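Those letters in the sequence shown? Residues 1255 to 1543, per the working numbering, in order.
We put the beta carbon where it would ideally sit given N, CA and C, even for glycine.
Fair warning: this is a prediction, and the values are worked out from it, not measured in the lab.
Read through the structure below, which is laid out as structure tokens, and then see the notes.
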Amino acid sequence: MRIPFTKMQGAGNDFVVLDETQTRYGLTPEHYRFLADRHFGVGADQILTVRTSSTPGIDFSYVIHNADGGEVEHCGNGARCFMAFVRRQGLADKDLVTVQTMNRVLQLQMQSDGRVTVDMEAPDFELAHLPFDATGLHAESSGLWSFWPLALDVQGQGAIVRVAVLSMGNPHAVTLVDDVDSAPVLTQGPLIQGLSAFPRSVNVGFMQVLDRSHIRLRVYERGAGETLACGTGACAAVVAGIRLGLLDATVDVQMHGGTLTISWQGEQSPVMLTGPATVVFDGDIELPN
């Protein structure tokens, strides 16, 4: 089967975008892994699929698959590319589009400068919703919130990593570091993901606070490893920093792929994510049987 696709990127977080508004391709996890493969497929952190919605008030269904073929709940950088894609393809002609993900309804707003703002909805701090199993763990208060100390086995030696946990529609653990360039992202990221405290794994953010309105961030994502940018990870880091008393309400988040702007007014307010969305190229590809 041969299918068309569009390659896009948002702050270096790259995607293969598929239009299934006219027909469903019936792709399998193996197909999604093939599309994401940087040697044998197109290459992407995630595969985004645009589908129609029969729900009143919802313009599209927004379906996300990680590079490992698994379907996931949310992707903020992908949401911006989704908006740019439906406008470019003529699937939508308005500046505000409402989409349904696996577990959230998002509003995507095209800005006059070409950037896209995504209403990411309010963060969720209920541990069971991540899910996060705190059995045997004891929280340490910090600011208006708390860290959870996690024991890791790093090359036969014990290490304690303190994380703040929350959901942005998908699970996140955020830890503070002095310097993201030297942070042990590639070693501690997968170890934290593999802990029994995170039965559905977790996206792990390593945050360096520069001042109250600027941070640097690296994220080790579920099913993808470290990516150049992570929209939900940027949102989770800023929310964590605000709750811990370290950040103001609007923060620029610098990642390897670019800068995102995150705003949050607190508690049940939605998190607003603004950043670029860029088309790289269009193509078509023959999928293996």
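Among ALA1503, MET1526, GLU1480, which has the Cα closest to the Cα of GLY1509?
Sequence inspection shows Met at residue 1509; the Gly mentioned does not correspond to that position. Considering only alpha carbons, the answer is GLU1480.
Can you give me the C-alpha to C-alpha distance between TYR1286 and GLN1447, rounded to a whole angstrom?
So the alpha carbons of these two residues sit roughly 22 Å apart.
Could you tell me the distance, in whole angstroms, from the CA atom of ARG1369 to the CA atom of ARG1334?
One C-alpha to the other measures close to 8 Å.
Which residues bound the alpha helix (DSSP H) around PRO1283?
From DSSP, the alpha helix (DSSP H) with PRO1283 extends over 1283-1290.
Contact check, GLY1330 vs MET1374 under 8 Å by CB: the rounded distance?
At roughly 6 Å, the Cβ-Cβ gap stays under 8 Å, so GLY1330 and MET1374 are in contact.
Evaluate contact between the segment 1497-1509 and the segment 1301-1314, counting only Cβ atoms and requiring at least three cross-stretch pairs below 8 Å.
Because the criterion of three Cβ pairs below 8 Å is not met, the segment 1497-1509 and the segment 1301-1314 do not touch.
Please state whether the Cβ-Cβ distance between THR1486 and HIS1293 is less than 8 Å.
No; because the gap between Cβ atoms is not below 8 Å, this pair is not in contact.
Using three-state DSSP, classify VAL1270 as helix, strand or coil.
VAL1270: strand per DSSP, three-state reduction.
Helix, strand or coil for ASN1331, going by three-state DSSP, please let me know.
Of the three classes helix, strand and coil, the one that applies to ASN1331 here is helix, per DSSP.
Go through the segment 1470-1503 residue by residue and report every complete run of the beta strand (DSSP E) that reaches 3 residues or more, in order.
Runs found: 1479-1481.
Residues in the same chain with beta-carbon distance under 6 Å from THR1515, minus the five sequence neighbours each way, listed in chain order, please.
Excluding sequence neighbours, THR1515 sits near ASP1506, THR1528.
From VAL1340 to GLN1276, what distance separates their C-alpha atoms?
Distance between the alpha carbons of VAL1340 and GLN1276 is about 13 Å.
Apart from the five residues just before and just after ALA1437, which ones in its own chain have a Cβ nearer than 7 Å to its Cβ?
If we look at ALA1437 and ignore the five residues flanking it on each side, its Cβ neighbours are VAL1431, PHE1460, ARG1472.
Just curious, the alpha helix (DSSP H) that VAL1439 is in, first and last residue?
Element bounds for VAL1439: 1439-1447.
In whole angstroms, give me the CA-to-CA distance for GLU1521 and ILE1257.
Roughly 43 Å separates the two Cα atoms.
Buried or exposed for ALA1405, please, with buried defined as at least 16 other CB atoms from any protein chain shown within 10 angstroms of its CB.
By the 10 Å Cβ count, ALA1405 comes out exposed.
Considering only residues of the same chain and omitting the five flanking positions on each side of SER1450, which have a CB-CB separation below 7 Å?
Only ASP1387 meet the Cβ criterion.
Give the single residue among GLY1423, THR1441, ASN1424 whose Cα lies nearest to the Cα of ALA1413.
Comparing Cα-Cα distances from ALA1413 to each of GLY1423, THR1441, ASN1424, the minimum goes to THR1441.
Out of HIS1319, VAL1428, ALA1503, GLY1332, which has the shortest C-alpha to C-alpha gap to VAL1246?
Because the chain in this structure spans residues 1255 to 1543, residue 1246 falls outside the shown range and cannot be described.
Let's test the definition: count the other Cβ atoms within 10 Å of the Cβ of ALA1382 and tell me whether it reaches 16, buried, or not, exposed.
The residue in question, ALA1382, is exposed, as its Cβ has fewer than 16 Cβ neighbours within 10 Å.
Helix, strand or coil, according to DSSP, for MET1422 in the structure here?
Correct three-state label for MET1422: coil.
Grab the span of the beta strand (DSSP E) containing HIS1319 for me, first residue to last.
Unbroken beta strand (DSSP E) run through HIS1319: 1314-1320.
Among THR1429, PHE1535, PRO1377, whose alpha-carbon lies nearest the alpha-carbon of ARG1358?
Among THR1429, PHE1535, PRO1377, the Cα nearest to that of ARG1358 is on PRO1377.
Compute the Euclidean distance between the alpha carbons of TRP1399 and GLY1297, then round it to the nearest angstrom.
Those two C-alpha atoms are separated by around 39 Å.
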